[in-house]
Structure formats: structure tokens, C-alpha cells
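*Asks:* Heads up, the sequence shown is in UniProt numbering, so the first residue is 1 and it goes up one at a time.
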Amino acid sequence: MTEAPVLKRAELAAKILASRAAKRPTRFIVAIAGAPAAGKSTLAEALCAEINTLSASELCVVVPMDGFHYDNAILDARGDRARKGAPHTFDAAGFRVLLSRLKQESGDIAIPVFDRSQDLARASAALVTSQHRILLVEGNYVLLDQPVWRDLRQYFDLSLFLDVPFATLEQRLIQRWLDHGADMDAARNRSLSNDIPNALTVTRQSYPADFILQD
Numbered sequence: 001m002t003e004a005p006v007l008k009r010a011e012l013a014a015k016i017l018a019s020r021a022a023k024r025p026t027r028f029i030v031a032i033a034g035a036p037a038a039g040k041s042t043l044a045e046a047l048c049a050e051i052n053t054l055s056a057s058e059l060c061v062v063v064p065m066d067g068f069h070y071d072n073a074i075l076d077a078r079g080d081r082a083r084k085g086a087p088h089t090f091d092a093a094g095f096r097v098l099l100s101r102l103k104q105e106s107g108d109i110a111i112p113v114f115d116r117s118q119d120l121a122r123a124s125a126a127l128v129t130s131q132h133r134i135l136l137v138e139g140n141y142v143l144l145d146q147p148v149w150r151d152l153r154q155y156f157d158l159s160l161f162l163d164v165p166f167a168t169l170e171q172r173l174i175q176r177w178l179d180h181g182a183d184m185d186a187a188r189n190r191s192l193s194n195d196i197p198n199a200l201t202v203t204r205q206s207y208p209a210d211f212i213l214q215d
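(1) Starting from the N-terminal side, write out each stretch of the alpha helix (DSSP H) that is 4 residues or longer and does not extend beyond the stretch 81-114.
(2) Identify, in the order they occur along the chain, each residue of the same chain with its Cβ nearer than 6 Å to the Cβ of L103, setting aside the five sequence neighbours on each side.
(3) Is it a yes or a no for the stretch 160-174 touching the stretch 100-116, going by three-plus beta-carbon pairs under 8 Å?
(4) For V202, which option in P165, V61, L144, L192 has the closest C-alpha, if you only look at C-alpha atoms?
(5) Strictly by DSSP, which residues pair up with R122?
(6) Would the beta-carbon of S57 fall within 8 Å of that of D157?
(7) Under a three-way DSSP split, which group does D157 fall into?
(8) So the beta strand (DSSP E) F211 belongs to, where does it begin and stop?
(9) Which of helix, strand or coil does DSSP assign to T2?
(10) Could you give the DSSP three-state label for A31: helix, strand or coil?
(11) Buried or exposed: where does A93 fall if 16 or more other Cβ atoms within 10 Å of its Cβ makes it buried?
(12) By the DSSP assignment, the beta strand (DSSP E) with R150 in it spans what residues?
(13) Within the stretch 46-86, note down every full beta strand (DSSP E) run reaching 3 residues or more, in order along the chain.
(14) Please confirm if the stretch 52-70 is in contact with the stretch 133-142, defined as three or more CB-CB distances below 8 Å between the two stretches.
(15) Could you give the DSSP three-state label for L144: helix, strand or coil?
(16) Please report the distance separating the alpha-carbon of Q214 from that of V128.
(17) Is the distance from the Cβ of F28 to the Cβ of R133 below 8 Å?
(18) Grouping DSSP H, G and I as helix and E and B as strand, with all else coil, what is V136?
(19) Does the beta-carbon of V30 have 16 or more other beta-carbons within 10 angstroms, so that it is buried, or is it exposed?
(20) Considering just the uninterrupted stretch of the alpha helix (DSSP H) at R24, what are its terminal residues?
(21) For S191, count neighbouring C-beta atoms within 10 Å of its own C-beta (all shown protein chains included) and say buried if the count is 16 or more, exposed if not.
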């Protein structure tokens with residue numbers, strides 16, 4: 001990625017609200033990209049709550065990319081289970097259709113949500129309602145420069161990239177597998193065989209964001 005302006009965490013909500021006020025689309029869609037374990041989901045949820053506190057008229061909601069994971073049965077049939085989380089293990093075309101609807105339609109739209117406890121996506125598990133005007137779309141590959149994924153950029157009014165040192169990412173990814181019950185060797189192997197390659201894909205093949213947020 002080429003250099004983009006660095007934005008401080010404390011400035012994010014105000015920047016989004018100011019950009020929304022300037023552009024005034026029906027729905028203002030913000031892309032939040034970054035490597036696995038960069039903290040995208042945590043940031044998006046906290047930022048959404050902050051925006052909703054600051055502005056009663058500009059209701060915010062989070063739209064996660066992870067709801068478009070292919071089911072494990074499909075990954076098993078394709079021999080891709082070990083690569084779950086790589087770009088080709090998501091329904092990128094389906095995600096593109098959802099973003100198109102969110103941008104063009106103003107009514108309630110159901111979205112899928114990934115349930116980590118069950119390791120599967122639940123269809124129509126959340127709603128983007130007609131009152132939601134600011135959408136925070138978060139995911140590893142929302143700015144990826146690869147077929148289908150690159151089509152997503154047309155729907156974003158603003159984009160952010162979370163820049164986290166690789167040493168920190170590796171520690172977080174290993175800890176994630178430890179928290180899921182893996183021993184240290186298994187946690188390290190799973191991180192190095194899949195998670196870290198995916199992180200490299202994100203950092204090396206994503207379009208430049210409008211702003212960078214450093215960890």
C-alpha cells in the first residue's frame with residue numbers, strides 16, 4: 001500500500017460525521033480494512049457506539065464481511081478447509097450484491113452474521129434498517145485489489161486501514177487459537193500456515209485507504 005494520511009483514533013468519529021455531512025448520500029458507507037487480528041471488529045463496534053452517542057440523527061450500524069464465509073461443508077468439498085479465511089473462501093460476489101443494495105436502497109435489509117462459537121454464518125441474522133445512515137463495513141478484504149473484491153470500492157464513501165506491526169499480529173493470532181483450545185504448537189502452526197499468509201495478502205494487495213489508523 002502507498003502512504004495515506006494517518007488519523008488518530010480520537011479523530012475518527014468526528015471525521016466520519018463531517019464527511020457524511022459534506023457528501024449527504026442516502027447511506028454513508030465506511031470501509032474498515034486490515035489484517036486478521038488487527039482489531040477491525042473491536043474498532044467498528046466502539047466507533048459505531050461513539051457515533052450513535054454523538055449524533056442522534058445519523059444512526060450507525062456495523063456490517064461485517066465475515067457473514068460471507070463459505071460454509072464448512074463447501075470448503076470441505078473443495079479441499080479448502082485448511083485455508084478458511086483466505087479470499088477465495090468467501091462469497092465475494094454475494095458481498096458485492098449486498099453492498100450494492102445497501103448503497104442504492106433505503107429500506108430494511110437483512111445481513112448475514114458469522115457466529116464464531118458455531119463456526120458458521122447465520123443468514124438474515126441482523127438488520128440494516130431504514131434509519132441507519134452510516135454503515136461501517138469491516139473485513140480483511142474490503143479494499144483488496146483482486147477480481148470481484150476490487151468492485152467493492154465503488155460503494156465506499158470513506159476508507160480506513162488499520163496498520164498493526166506483524167509481530168503484534170502474530171502474537172494475537174496465536175493467542176486466538178490458544179483461546180479456542182489449541183496447544184501452543186498447533187496454535188503457532190495454524191497461524192503461520194494460514195493466518196499470516198492472509199495478513200500478507202491484505203497488507204500487500206489492498207488499495208490505499210483514505211486514512212491509516214496505527215495500532
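Don't be surprised by glycine CBs; every beta carbon is placed ideally from N, CA and C. For clarity, every value in this text was computed on a predicted model and none was experimentally measured.
*Replies:* Once the coordinates are examined:
(1) 92-104
(2) According to the sequence as given, residue 103 is Lys; it is not Leu. Excluding sequence neighbours, K103 sits near Y155.
(3) no
(4) L144
(5) V113
(6) no
(7) coil
(8) 211-214
(9) In this prediction, T2 has a pLDDT of 48, which is less than 50 and means its spatial position is unreliable; what the coordinates show is noted afterwards. Coil.
(10) strand
(11) exposed
(12) Looking at the DSSP string, R150 is not in any beta strand (DSSP E), and its letter there is neither H nor E.
(13) 59-64
(14) yes
(15) strand
(16) 29 Å
(17) yes
(18) Reading the sequence as shown, one finds Leu at residue 136 and not Val. The answer is strand: DSSP assigns L136 an E or B state.
(19) buried
(20) No alpha helix (DSSP H) contains R24, which DSSP labels as neither H nor E.
(21) buried
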